[in-house]
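A.B. asks: Going left to right, the sequence shown walks through residues 236 to 553 as my numbering numbers them. Backbone N, C-alpha and C fix where the C-beta goes; we use that ideal spot for every residue, glycine too. Here's a structure for you.
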Amino acid sequence: MKTTVTQLFNIEYPIVSGGMVWCSGWRLAAAVSAAGGLGLIGAGSMHPETLAEHIAKAKAALAGSGKPFGVNVPLFYPELARVIEILIAERVPIVFTSGGNPALYTERLKAAGITVAHVVASARFARKAEAAGVDAVVAEGFEAGGHNGRDEITTMALIPQVREATSLPLLAAGGIATGRGMLAAMALGADGVQVGTRFALSEESSAHEAFKKLCTELGEGDTMLCLKKLGPVRLVKNAFYERVAAAEAAGASADELRELLGAKRSKRGIFEGDLTEGELEIGQIASLVRRVEPAEEIVRSMMDEFRSAVNDMRTWEL
């Protein structure tokens, strides 16, 4: 399949696995890339030395295949300068940045021969990303899991607005887990998709098995956007979420919410499997994901469904 996204990243299919904290290690990244998509290592939950180990293992897993992988880097990362040095020294071919100003490191990364994409939640930030010199943008709607844009723009509304705002290769993200969802996003103007939740629940994801099992049993409405005074994040409605919701309803300040959140709560929930008091980040589309699958099967089934949906459309009479 050929789109501007597959050509830019030199991949077979326009499917990217999101760089998710506590889920996106080298195994998941390598598996998605080996299947013909683009796998991302999520640097947000790794110390620099750990990231370097995952990069080395991804390289080894893909050695001789000619297939690339990438790294997602949140720009609010506390050891950002060291991470950038590692990405350049290790010659990581593709970097996705998120959660900050893309002008910080885009020029330096590109000067090192790295292809750069940036995650945005609005057309306004897409224009800023293009002005910063990025090679592609990821437009992420508020259906997505984890940290979200403050404007709460849905993917269906966001993609056509970002498409009008920039001519860069465009990936759609947020609420996409199937081939039909991929086709819908591309009909709205995307050139490919970034998939988080379904890959977070894959066999190769480093998330705890208890977290994966819980998420495959969620129903519609079992996640909610909260912690808006700190930075919007979509969580599963567990006991910790209920305490956050009660505090927000009572008018808790940002400092009070920060104290309630504490440290390492997402690790506690996603990586260690504390389903009661952990911060369980997952997207709305989890209610459509009913089993844990290998990443290769996810890529294959998405492409099979995409082709089937395209063929169905060809039978329409206009």
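Given Thr-239, which residues of its chain have a CB within under 6 Å of its CB, disregarding the five upstream and five downstream residues?
C.D. replies: Only Pro-404 and Asp-426 meet the Cβ criterion.
A.B. asks: Can you tell me where the alpha helix (DSSP H) with Ser-543 in it begins and where it stops?
C.D. replies: Run containing Ser-543: 530-549, per the alpha helix (DSSP H) assignment.
A.B. asks: Distance cutoff 7 Å, beta carbons only. Does Ile-276 sit that close to anything in chain C?
C.D. replies: The structure shown contains no chain C, having only a single protein chain.
A.B. asks: Comparing C-alpha positions only, which one of Leu-453, Thr-511, Gln-429 and Ala-419 sits nearest to Arg-542?
C.D. replies: Comparing Cα positions, the closest option is Ala-419.
A.B. asks: What runs of the alpha helix (DSSP H), each 4 residues or longer, lie entirely inside the stretch 375-436?
C.D. replies: Runs found: 390-400, 414-422 and 432-435.
A.B. asks: Rounded to the nearest angstrom, what separates Cys-461 and Met-538 at their Cα positions?
C.D. replies: When rounded, the distance between both Cα atoms is 33 Å.
A.B. asks: Which same chain residues, not among the five before or five after Pro-337, have their C-beta less than 6 Å away from its C-beta?
C.D. replies: Cβ within range, chain order: His-353, Ala-364, Ala-367 and Val-369.
A.B. asks: Between Gly-334 and Val-468, what straight-line distance do the alpha-carbon atoms span, to the nearest angstrom?
C.D. replies: Straight-line Cα distance between these residues: approximately 12 Å.
A.B. asks: Does Lys-447 pass the burial test, meaning 16 or more other C-beta atoms within 10 Å, or should it be called exposed?
C.D. replies: So Lys-447 ends up on the buried side.
A.B. asks: Taking a contact to mean a Cβ-Cβ separation below 7 Å, would you say His-282 touches Trp-261 in this structure?
C.D. replies: Not closer than 7 Å, so no.
A.B. asks: Determine, using beta-carbon pairs with one atom in the stretch 269-288 and one in the stretch 303-318, whether at least three such pairs fall under 8 Å.
C.D. replies: Yes: at least three Cβ pairs fall under 8 Å.
A.B. asks: Could you tell me if Gln-429 is buried or exposed, where buried requires 16 or more neighbouring beta carbons within 10 angstroms of its beta carbon?
C.D. replies: Gln-429 should be labelled buried.
A.B. asks: Buried or exposed, going by whether 16 or more other CB atoms sit within 10 Å of the CB of Asn-473?
C.D. replies: Looking at its Cβ environment, which holds 16 or more other Cβ atoms inside 10 Å, Asn-473 is buried.
A.B. asks: Using only the alpha-carbon positions, how far apart do Leu-510 and Lys-345 sit?
C.D. replies: Roughly 41 Å between the two C-alpha positions.
A.B. asks: Please name the residue, chosen from Val-267, Ala-435, Ala-481 and Glu-455, that lies closest to Arg-526 on a Cα-to-Cα basis.
C.D. replies: Nearest C-alpha to Arg-526: Ala-435.
A.B. asks: Quick one: what's Ser-252 bridged to in DSSP?
C.D. replies: Ser-252 is bridged to Gly-274 and Val-430.
A.B. asks: Can at least three beta-carbon pairs, one atom from the stretch 401-416 and one from the stretch 513-522, be found at a separation below 8 Å?
C.D. replies: Yes: the two stretches touch, three or more of their Cβ pairs being nearer than 8 Å.
A.B. asks: Looking at the structure shown, is Phe-331 part of a helix, part of a strand, or coil, going by DSSP?
C.D. replies: Phe-331 falls in the strand class under three-state DSSP.
A.B. asks: Count the other CB atoms within 10 Å of the CB of Val-545; is the residue buried (16 or more) or exposed (fewer)?
C.D. replies: So Val-545 ends up on the exposed side.
A.B. asks: What are the start and end residues of the beta strand (DSSP E) that includes Cys-461?
C.D. replies: It spans 458-461 - the beta strand (DSSP E) in which Cys-461 sits, taken as one unbroken run.
A.B. asks: Which value, in whole angstroms, describes the spacing of the CA atoms of Lys-268 and Leu-297?
C.D. replies: The sequence shown places Ser at residue 268, not Lys. The straight-line gap from Cα to Cα measures roughly 8 Å.
A.B. asks: Closest by CA to Ala-374, which one among Ser-522, Val-534, Asp-547 and Val-251?
C.D. replies: Closest by alpha carbon: Val-251.
A.B. asks: Roughly how many whole angstroms lie between the Cα atoms of Val-524 and Gly-424?
C.D. replies: When rounded, the distance between both Cα atoms is 25 Å.
A.B. asks: Any idea what DSSP makes of Leu-310, helix, strand or coil?
C.D. replies: Of the three classes helix, strand and coil, the one that applies to Leu-310 here is coil, per DSSP.
A.B. asks: Below 8 Å on the Cβ atoms is my guess for Trp-576 versus Ile-505; work out the distance and round it to an integer in Å.
C.D. replies: Outside the displayed range of the chain (236 to 553) lies residue 576, so it cannot be described from this structure.
A.B. asks: In angstroms, rounded to a whole number, what distance separates the CA positions of Ala-316 and Val-355?
C.D. replies: Approximately 21 Å between the Cα atoms of the pair.
A.B. asks: Suppose contacts are defined by Cβ-Cβ distances below 7 Å. Is Gly-253 in contact with Gly-431 by that definition?
C.D. replies: Yes. Within cutoff.
A.B. asks: Do Ser-522 and Leu-453 have their C-beta atoms closer together than 7 Å?
C.D. replies: Their beta carbons are under 7 Å apart, which means Ser-522 touches Leu-453 by this criterion.
A.B. asks: Rounded to whole angstroms, what is the Cα-Cα separation between Glu-439 and Ala-266?
C.D. replies: Rounded to the nearest angstrom, the two C-alpha atoms are 7 Å apart.
A.B. asks: My output table needs one value for Val-240: the three-state DSSP class, helix, strand or coil.
C.D. replies: Helix.
A.B. asks: Which residue or residues does DSSP assign as beta-bridge partners of Phe-304?
C.D. replies: Beta-bridge pairing links Phe-304 to Gly-274.
A.B. asks: On the DSSP bridge assignment, give the partners of Thr-350 in chain order.
C.D. replies: Beta-bridge pairing links Thr-350 to Ile-329.
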